[in-house]
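Enquirer: Per our numbering, residue -12 is the first one in the sequence shown, and the count goes up by one each step.
Each residue gets a CB set at the ideal place from its N, CA and C atoms; glycine is no exception.
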Amino acid sequence: EALAKNFEELHPTANIDFFWHQNARPVEEVQKGDADIAITGAIEEELSSTIVAWDGIAVITNFSNPIEDITTEQLKQIFEGKLKYWSQVYEEGPETRIRVIHRTWNQNIRQGFEEYLSLKNRKKLRAKIVEKEQQTFKALNGDIYSISYVSMGPALQARKDGYGVTLLFVDGIEMEYQTVLDASYPIRRPVVFVMGEGPNPVADGFLEYVLSPVSYTHLTLPPNREV
């Protein structure tokens, strides 16, 4: 939205409107011609799809939990309900049940997280479901033995602000802008523009602007905004 506002300032005759709803199906809206761009987390083989950014997925715990590092395999087993106690995850971990805070099923971040971990068997998982990242932080802050995941921007901002969360190393790699960009941090998801067929000067121009170096000089995101 910040990029759209800047694009409109550069092109006064252009107008870009955003629509979001938890039950919206953006790709279908593009296919029907009711939208020009769908912002998703996956490439659509039958439509023009362009990766415009990469978003790291931060794995977070309560600051009072001493764990600092976790493996991909451990995460997979936690979110499949196979690892149930912190004592199974790290040495000297308490014999206390791991409390999973999950995201709603239709969010791109959950889809990207589950796809990376190749989660299949979720029937045994007991989890609290939250929609927004601020709800995630709030739930985590009140529970020492919980674990969850949020988008990179809100996670780094929370750490900067001294919020009571720990961003876990995953497979020994710390989540930072560079490690997400070069894919050394393993859990990330693409931010994809999916567009309909046929020429569309405003949509095409906006995509070109988003991919241009100029956009980075204009971009100022709100501190807790999640794509």
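(1) Given this structure, state the Cα-to-Cα distance separating asparagine 93 from leucine 70, to the nearest angstrom.
(2) Please say whether arginine 175 and valine 167 have beta carbons closer to each other than 8 Å?
(3) Kindly indicate which three-state DSSP category serine 74 falls into: helix, strand or coil?
(4) Does the structure place the region 84 to 98 close enough to the region 130 to 142 that three or more beta carbon pairs sit under 8 Å?
(5) Would a C-beta distance cut-off of 8 Å place valine 39 and valine 189 closer than the cut-off?
(6) Please classify alanine 7 as buried or exposed, where buried requires at least 16 other C-beta atoms within 10 Å of its C-beta.
(7) With the cut-off set at 8 Å, would you say aspartate 179 and serine 51 are in Cβ contact?
(8) Out of Val46, Pro53, Glu78, Glu79, which one is the CA nearest neighbour of isoleucine 65?
(9) What does the alpha-carbon distance come out to for the pair isoleucine 116 and valine 201?
(10) Could you give the first and the last residue of the continuous beta strand (DSSP E) run that contains proline 177?
(11) Secondary structure at threonine 207, three-state DSSP: helix, strand or coil?
(12) Please state whether DSSP places phenylalanine 6 in a helix, a strand or coil.
(13) Return the first residue and the last residue of the beta strand (DSSP E) that aspartate 191 is part of.
(14) Specify, as a first and last residue, the run of the alpha helix (DSSP H) that tyrosine 103 falls within.
(15) List the residues that DSSP assigns as beta-bridge partners of valine 137.
(16) For the beta strand (DSSP E) containing lysine 115, name the first residue and the last one.
(17) May I have the straight-line CA-CA distance separating glycine 183 from threonine 83, to the nearest angstrom?
(18) When burial is assigned at 16 or more other CB atoms within 10 Å of the CB, is arginine 12 buried or exposed?
(19) Where threonine 68 and glutamate 118 are concerned, what is the direct C-alpha to C-alpha distance, given to the nearest angstrom?
(20) Could you tell me which of Asp42, Lys147, Leu34, Lys63 sits nearest to tyrosine 172, measuring between CA atoms?
Expert: Judging by the given coordinates:
(1) The count along the sequence shown starts at 1 and reaches residue 93 at position 106. The count along the sequence shown starts at 1 and reaches residue 70 at position 83. Roughly 25 Å separates the two Cα atoms.
(2) Locating residue 167 in the sequence shown gives position 180, counting from the first residue. Locating residue 175 in the sequence shown gives position 188, counting from the first residue. Contact flag set, yes.
(3) As a working note, residue 74 is residue 87 in the sequence shown. Residue state for serine 74 is assigned as helix, using DSSP reduced to three classes.
(4) Verdict: yes, contact present.
(5) Position 52 of the sequence shown holds residue 39. Position 202 of the sequence shown holds residue 189. No, the Cβ-Cβ distance between valine 39 and valine 189 is not below 8 Å.
(6) Taking the sequence shown and counting its residues from 1, one reaches residue 7 at position 20. Correcting the residue identity first, residue 7 is tryptophan in this sequence and not alanine. The residue is exposed, with fewer than 16 neighbouring Cβ atoms inside 10 Å.
(7) In the sequence shown, the residue the question calls residue 179 occupies position 192. In the sequence shown, the residue the question calls residue 51 occupies position 64. Residue identity check: residue 179 is valine in the sequence provided, not aspartate. In this structure, serine 51 does not lie closer than 8 Å to valine 179 by Cβ.
(8) Looking up residue 65 in the sequence shown gives position 78. Considering only alpha carbons, the answer is Val46.
(9) As a first step, residue 116 is located in the sequence shown; it is residue number 129 there, counting from the start. As a first step, residue 201 is located in the sequence shown; it is residue number 214 there, counting from the start. For isoleucine 116 and valine 201, the distance between alpha carbons rounds to 39 Å.
(10) Indexing the sequence shown from 1 puts residue 177 at position 190. Counting along the chain, the beta strand (DSSP E) containing proline 177 begins and ends at 175 to 182.
(11) Within the sequence shown, the letter at position 220 stands for residue 207. Low per-residue confidence applies at threonine 207: pLDDT is 47, beneath 50, and the placement is therefore not dependable enough to give any value.
(12) Numbered from its first residue, the sequence shown carries residue 6 at position 19. Three-state DSSP puts phenylalanine 6 in coil, outside helix and strand.
(13) Numbered from its first residue, the sequence shown carries residue 191 at position 204. In this chain, aspartate 191 is not harboured by any beta strand (DSSP E); it is covered by the alpha helix (DSSP H) spanning 188 to 198.
(14) Position 116 of the sequence shown holds residue 103. It spans 95 to 104 - the alpha helix (DSSP H) in which tyrosine 103 sits, taken as one unbroken run.
(15) Counting from 1 along the sequence shown, the entry for residue 137 is found at position 150. Beta-bridge pairing by DSSP links valine 137 to Ala45.
(16) The count along the sequence shown starts at 1 and reaches residue 115 at position 128. Start and end: 114 to 117.
(17) For the purposes of this step, residue 183 is taken as residue 196 along the sequence shown, with counting starting at 1. For the purposes of this step, residue 83 is taken as residue 96 along the sequence shown, with counting starting at 1. Near 50 Å, if we compare the C-alpha coordinates of threonine 83 and glycine 183.
(18) Numbered from 1 along the sequence shown, position 25 holds the residue referred to as residue 12. Arginine 12 is exposed by the Cβ-count criterion.
(19) Position 81 of the sequence shown, counting from 1, holds the residue named residue 68. Position 131 of the sequence shown, counting from 1, holds the residue named residue 118. Position check: residue 68 holds glycine in this sequence, whereas threonine was assumed. Distance between the alpha carbons of glycine 68 and glutamate 118 is about 21 Å.
(20) Numbered from its first residue, the sequence shown carries residue 172 at position 185. Ranking the options by Cα distance to tyrosine 172, first place goes to Asp42.
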